[in-house]
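Residue numbers (the working numbering): -3 to 139. Shown next, in structure tokens, is the structure this report addresses.
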């Protein structure tokens, strides 16, 4: 984050195996007021891990159910690969227990596909980044 109220999110990784959902998220991000310069879409966890090794992303929008990974394993793999990455889970069904579990594993927020507006997506991204930044600050203060 830069100035007060400003959200730093220049690079976003969309991990989504449904083409329509992935491109919808990309279009929403590119038309949003967020300063996003790069949006990359991958369809599999192994592609996400490879992308994270090459590019410094600020945020991942992460579907839980991918061709090569499901549920908690998906979040755990991304967190283990890139612990400083802000993660918003975007999934097809709301399950409160699963949402709480994803947050406990390291995601910053949880959205259900088709049940959020563009404004809600933007707000969720801003809050996720703010929570991740607060986590970094808390870790630094404990050193």
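We put the beta carbon where it would ideally sit given N, CA and C, even for glycine. The structure presented is a predicted model; accordingly, all values stated were derived computationally and were not measured.
Q: Could you please give the first and the last residue of the uninterrupted alpha helix (DSSP H) stretch that includes residue 92?
A: To locate residue 92, count along the chain shown from 1; it is residue 96. Per DSSP, residue 92 belongs to the alpha helix (DSSP H) from 92 to 101.
Q | Run of the alpha helix (DSSP H) containing residue 26, from where it starts to where it stops | A | Counted from its first residue, the chain shown places residue 26 at position 30. Note, residue 26: alpha helix (DSSP H), 15 to 27.
Q: Give the DSSP-derived three-state secondary structure of residue 117 in the structure shown.
A: In the chain shown, counting from the first residue as 1, residue 117 sits at position 121. DSSP places residue 117 in helix when its eight states are reduced to three.
Q.
Taking 7 angstroms as the limit between beta carbons, can you name the residues of its chain near residue 30, skipping five residues before and five after?
A. Counting from 1 along the chain shown, the entry for residue 30 is found at position 34. Taking residue 30 as the centre and dropping the five residues before and after it, the same chain places the C-beta of 3, 5, 118 and 121 closer than 7 angstroms to its C-beta, in chain order.
Q: Alpha carbon to alpha carbon, how far is residue 24 from residue 15? Give it in angstroms, no decimals.
A: For the purposes of this step, residue 15 is identified with residue 19 of the chain shown, where counting begins at 1. For the purposes of this step, residue 24 is identified with residue 28 of the chain shown, where counting begins at 1. Those two C-alpha atoms are separated by around 14 angstroms.
Q | Terminal residues of the alpha helix (DSSP H) in which residue 42 lies | A | Counted from its first residue, the chain shown places residue 42 at position 46. Taken as a continuous stretch (DSSP letters only), the alpha helix (DSSP H) holding residue 42 covers 41 to 50.
Q: Determine the DSSP secondary structure at residue 131, reduced to helix, strand or coil.
A: Along the chain shown, read from residue 1 onward, the residue named residue 131 stands at position 135. Residue 131 falls in the helix class under three-state DSSP.
(Q) With H, G and I counted as helix, E and B as strand and the rest as coil, what does DSSP make of residue 106? (A) For the purposes of this step, residue 106 is taken as residue 110 along the chain shown, with counting starting at 1. Of the three classes helix, strand and coil, the one that applies to residue 106 here is strand, per DSSP.
Q: Would you decide whether residue 46 is buried or exposed? Buried here means 16 or more other CB atoms lie within 10 Å of its CB.
A: Here residue 46 refers to the residue found at position 50 when the chain shown is read from its first residue. In summary, residue 46 is exposed, with fewer than 16 beta-carbon neighbours lying within 10 Å of its beta-carbon over all protein chains present.
Q: Evaluate residue 54 with the Cβ neighbour count: other Cβ atoms within 10 Å of its Cβ, from every protein chain shown; 16 or more gives buried, anything less gives exposed.
A: Here residue 54 corresponds to residue number 58 of the chain shown, with the count starting at 1. By the neighbour-count rule (16 or more Cβ atoms within 10 Å), residue 54 is buried.
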